[in-house]
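Numbering (the working numbering), first residue to last: 275 to 579.
For reference, the structure discussed in these notes is given below.
Below, the structure written as structure tokens:
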């Protein structure tokens with residue numbers, strides 16, 4: 275188990291290193307940053323001085339070494355739009371709002387998809403099964419931002435049950451959490467159903483029934499534990515989708531998180547903030563996948579070898 279974890283940790287570091295190369299490269303091929311930082315009528319001397327201050331007159335490998343050193347200390351430079359503020363500081367300040375929204379979305383998704391997926395598998399080809407398939411179909415077909423706008427118009431504008439935007443109490447989590455977690459709910463529902471169908475047809479489940487165990491114990495103790503392996507691996511991937519999807523949903527609902535920050539940074543061409551957002555999102559995504567891999571190995575020892 276220790277060897278397996280060590281290999282996964284090393285792979286995580288390699289992934290982060292690759293991300294750093296991509297972020298560094300994109301920051302260099304998108305144009306000269308002095309064109310953004312200096313006014314239009316700036317002289318060539320002023321441009322050369324700024325390039326020297328930013329280290330852009332150095333060889334590319336020296337620039338990358340400086341970038342890695344600064345990134346290791348969480349220094350991506352000052353924001354272009356929010357003058358005087360550290361780019362990483364702005365991202366860290368906005369990060370809790372995004373993580374809370376993603377956490378609520380995952381709780382909602384698991385709370386809905388798990389029981390429906392299990393019931394659909396246990397009562398195969400029943401009314402519950404067909405209803406679950408329809409819900410899953412719509413869930414994976416509707417764009418999150420369109421669903422967010424429709425839900426805002428119905429629940430916030432017409433019924434006046436929840437706030438239209440912003441973060442003003444727990445009621446403000448309702449619309450953005452469902453909007454961002456709707457696709458996750460549908461995908462998990464289908465995955466739980468297919469995994470449960472495969473497990474419930476296995477020999478050890480038949481043996482458990484022959485031994486006289488109750489159907490509830492067979493389903494929840496023996497069936498669900500083994501069927502949870504596939505959905506568990508899916509969590510690492512889907513959590514990254516939640517972070518990426520937060521950009522559109524947070525923009526629709528004016529949610530003060532990293533997603534809205536990324537949108538504002540793109541509009542303002544604030545490269546330091548965009549770099550910090552990409553690195554933070556990538557770090558969270560890689561860490562989540564590392565945790566999922568370890569849990570997967572705990573549930574299924576066969577993959578350790």
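From the three backbone atoms N, C-alpha and C, an ideal C-beta is built for every residue, glycine too.
Given the structure is predicted, the values throughout are model-derived calculations rather than measurements.
Residue(s) in a DSSP beta bridge with residue i
i           : result
residue 360 : 352
Three-state secondary structure (DSSP) of residue i
i           : result
residue 543 : coil
residue 535 : helix
residue 557 : helix
residue 572 : helix
residue 316 : coil
residue 517 : helix
residue 370 : helix
residue 550 : helix
residue 269 : This structure does not reach residue 269, given that the chain is present from 275 up to 579, and the question cannot be answered.
residue 383 : helix
residue 530 : coil
residue 564 : helix
residue 487 : coil
residue 522 : helix
Residue environment, residue i, which counts as buried when at least 16 other CB atoms sit within 10 Å
i           : result
residue 421 : buried
residue 427 : exposed
residue 563 : buried
residue 444 : exposed
residue 399 : exposed
residue 320 : exposed
residue 412 : exposed
residue 389 : exposed
residue 459 : buried
residue 549 : buried
residue 481 : exposed
residue 406 : buried
residue 350 : buried
residue 303 : exposed
residue 275 : exposed
residue 546 : buried
residue 287 : exposed
residue 464 : buried
residue 494 : exposed
residue 450 : buried
residue 490 : exposed
residue 331 : exposed
residue 528 : exposed
residue 475 : exposed
residue 524 : buried
residue 291 : exposed
Start and end residues, alpha helix (DSSP H) containing residue i
i           : result
residue 492 : No alpha helix (DSSP H) contains residue 492, which DSSP labels as neither H nor E.
residue 301 : 276-303
residue 482 : 477-484
residue 335 : 334-346
Distance cut-off 7 Å: residue i Cβ against heavy atoms of the ligand ADP
i           : result
residue 366 : Because no ligand of any kind appears in the structure shown, any question about the ligand ADP cannot be addressed here.
**OP:** Would you list, in sequence order, the uninterrupted alpha helix (DSSP H) runs of no fewer than 4 residues that lie entirely inside the stretch 390-469?
**Re:** Correct list: 401-415 and 418-425.
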